[in-house]
Amino acid sequence: MKIGMFDSGVGGLTLLHKAIQMMPEEAYFYYADTDHVPYGKKTATAVIGYSDEAVSFLQSHGCEAVVIACNTATSVAAEYLRKKYDIPIIGIEPAVKPAVAKNKVGRILVIATPITVKERKLIELVSRVDEAHKVDMLALPELVTFAEKGEFDSPDVCNYLRTTLDAFFEANKVKGRDGITHDEYDVLVFGCTHFNHFEGALRKYFGDSILMIDGAEGTIKNLKHIMEERGAVSEGRFSVEFFESGRKVSDKSKLDFYRSLLTHLDK
26 MKIGMFDSGV GGLTLLHKAI QMMPEEAYFY YADTDHVPYG KKTATAVIGY
76 SDEAVSFLQS HGCEAVVIAC NTATSVAAEY LRKKYDIPII GIEPAVKPAV
126 AKNKVGRILV IATPITVKER KLIELVSRVD EAHKVDMLAL PELVTFAEKG
176 EFDSPDVCNY LRTTLDAFFE ANKVKGRDGI THDEYDVLVF GCTHFNHFEG
226 ALRKYFGDSI LMIDGAEGTI KNLKHIMEER GAVSEGRFSV EFFESGRKVS
276 DKSKLDFYRS LLTHLDK
């Protein structure tokens, strides 16, 4: 079957990577909306418009389902897209519920884009499952910019993480939460698909013992289940095509960049 995926840029490659592992004999169309990256700093109305354009394009190319491989677009546009289109629209959400289930005694930190941490959808999800009030949220918008440059573990990345996270914990002290430091966190939830690429840099800050989880596997399981229920027929062979805001990527250097990021996720 033909499966479309879209994101503002390279973040959704984490979903494509997982899909290739779990559904290896399908034809994938990956749409990176590089004309409008990053979504996390845009208005909800703008993101809905960009998402609409992406789904329209993917459907016109014969895609039988579309994965919103972007937490920001899922949070603001999924409902609109499902009402407008008659093909399955599968979104990704931060794996807060599994994080709460796996967490033992420490706290949970959800890192995402500014628009995602402010959206009603995530706030309601956290309030619904976080009975012990152990979940905190933090926006790390510049990670998207770093990811689009293929910069994941540089001194600039590590300095940005250290400065932003240190300020977050210092702000907690001002709020009277003196006991909460980075050592108190047992689970880190990736609330943006771009952030998986920074696991190494984040472990330098939090240490190797912290559990890092995302919603990729659950999203692809959902996709697979929905398509099986609909009786979709497998393509029988793997293929992937890349598009940037509707333009097919044929330049070798750009294709090599996308493929290198998929390889990076194997590590």
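With the working numbering as the guide, the letters of the sequence shown map in order to residues 26 to 292. Cβ coordinates follow ideal geometry from the N, Cα and C atoms, glycine included.
Practice task
Identify every run of the alpha helix (DSSP H) within the segment 221-289, keeping only runs that are complete inside it and at least 4 residues long; order them along the chain.
Solution key: Annotation note: the segment 221-289 contains the following uninterrupted alpha helix (DSSP H) runs of length 4 or greater, listed N- to C-terminal: 224-231, 241-254, 277-289.
Practice task
My understanding is that Val80 touches Tyr110, with C-beta atoms under 8 Å, so please give their C-beta distance in whole angstroms.
Solution key: As a first step, residue 80 must be located in the sequence shown, where it is residue number 55. As a first step, residue 110 must be located in the sequence shown, where it is residue number 85. The pair is a contact, with the Cβ atoms about 6 Å apart (cut-off 8 Å).
Exercise for the section: Return the residue from the list Val121, Leu186, Met162, Ala124 that minimises the CA-CA distance to Ala137. Expected result: What you label residue 137 is simply residue 112 of the sequence shown in a count that begins at 1. Of the listed residues, the one whose Cα sits closest to Ala137 is Met162.
Practice task
For the alpha helix (DSSP H) containing Tyr64, list its first residue and its last residue.
Solution key: Position 39 of the sequence shown holds residue 64. Neither: Tyr64 is in no alpha helix (DSSP H) and is coded neither H nor E.
Handout entry: CA nearest to the CA of Leu290, picked from His219, Thr39, Leu134
Key = The sequence position of residue 290 within the sequence shown is 265, counting from 1. Measuring from the Cα of Leu290, the nearest candidate turns out to be Thr39.
Problem - Top-ranked residue by Cα proximity to Asp211, from Gly34, Tyr75, Lys127, Ala102 - result: Here residue 211 refers to the residue found at position 186 of the sequence shown. Among Gly34, Tyr75, Lys127, Ala102, the Cα nearest to that of Asp211 belongs to Lys127.
Handout entry: Own chain partners of Leu150 with C-beta closer than 8 Å, once the 5 adjacent residues on each side are dropped
Key = Position 125 of the sequence shown, counting from 1, holds the residue named residue 150. Closer than 8 Å at the Cβ level, and outside the excluded window around Leu150, lie Glu118, Pro119, Val121, Lys122.
Exercise for the section: Specify the secondary structure class of Leu163 as computed by DSSP and reduced to three states. Expected result: Translated into the one-based positions of the sequence shown, residue 163 becomes position 138. Here Leu163 carries a strand assignment [DSSP, helix/strand/coil].
Handout entry: contact_flag[the segment 177-196, the segment 241-259] where n(CB pairs < 8 Å) is 3 or more
Key = With the cut-off at 8 Å, the segment 177-196 and the segment 241-259 do not touch.
Handout entry: Through-space distance from Val35 to Arg132, alpha-carbon basis
Key = Along the sequence shown, one-based indexing puts residue 132 at 107. Along the sequence shown, one-based indexing puts residue 35 at 10. Distance between the alpha carbons of Arg132 and Val35: 29 Å.
Exercise for the section: Starting from the C-beta of His207, find all residues in its chain whose C-beta is less than 7 Å away, skip the five residues before and the five after it, and write them out in chain order. Expected result: By one-based count along the sequence shown, residue 207 stands at place 182. Cβ within range, chain order: Leu190, Phe194, Tyr230, Phe231.
Practice task
Quick one: grab the DSSP three-state call for Tyr53.
Solution key: To locate residue 53, count along the sequence shown from 1; it is residue 28. In the structure shown, Tyr53 sits in a strand (DSSP, three-state: E or B).
Exercise for the section: Verify the contact flag: Phe171, CB atom, against every heavy atom of the ligand FMN, threshold strictly below 7 Å. Expected result: Although the ligand FMN was asked about, the structure shown includes no ligands whatsoever.
Practice task
Take the Cβ of His219 as the centre, count every other Cβ of all protein chains shown within 10 Å, and call the residue buried at 16 or more, exposed below.
Solution key: The residue labelled residue 219 in the question sits at position 194 within the sequence shown. The residue is buried, with at least 16 neighbouring Cβ atoms inside 10 Å.
Problem - Cβ contact (3+ pairs, closer than 8 Å) linking the segment 27-34 and the segment 52-70 - result: Using a C-beta cut-off of 8 Å, the segment 27-34 makes contact with the segment 52-70, since at least three inter-stretch Cβ pairs fall below that distance.
Problem - Asp60 versus Met48, Tyr75, Pro49, residue with shortest Cα-Cα distance - result: Position 35 of the sequence shown holds residue 60. Ranking Met48, Tyr75, Pro49 by Cα distance to Asp60 puts Tyr75 first.
Practice task
Could you check what DSSP says for Ile293 in three-state terms: helix, strand or coil?
Solution key: Outside the shown range of the chain (26 to 292) lies residue 293, about which nothing can therefore be said.
Problem - Gly225 burial status per 10 Å Cβ neighbour count (16 or more: buried) - result: The residue given as residue 225 occupies position 200 in the sequence shown. That one is exposed.
Problem - Own chain partners of Leu213 with C-beta closer than 6 Å, once the 5 adjacent residues on each side are dropped - result: For the purposes of this step, residue 213 is taken as residue 188 along the sequence shown, with counting starting at 1. The beta carbon of Leu213 lies closer than 6 Å to those of Leu134, Ile235, Met237 in the same chain, with the five residues before and after it left out.
Exercise for the section: Report yes if the CB atom of Pro166 is closer than 8 Å to the CB atom of Lys249, and no otherwise. Expected result: Within the sequence shown, numbered from 1, the residue matching residue 166 stands at position 141. Within the sequence shown, numbered from 1, the residue matching residue 249 stands at position 224. The answer is no: Cβ separation not under 8 Å.
Practice task
Determine the DSSP secondary structure at Met26, reduced to helix, strand or coil.
Solution key: Taking the first residue of the sequence shown as 1, we reach residue 26 at position 1. It is coil, neither helix nor strand.
Problem - Closest residue to Lys174 among His222, Val258, Gly261 (Cα-Cα distance) - result: Here the question's residue 174 lines up with position 149 in the sequence shown. Closest option to Lys174, Cα to Cα, is His222.
Handout entry: Rounded straight-line distance, which links the Cα of Pro49 to that of Val258
Key = Sequence index remark: in the sequence shown, residue 258 carries index 233 (1-based). Sequence index remark: in the sequence shown, residue 49 carries index 24 (1-based). For Val258 and Pro49, the distance between alpha carbons rounds to 13 Å.
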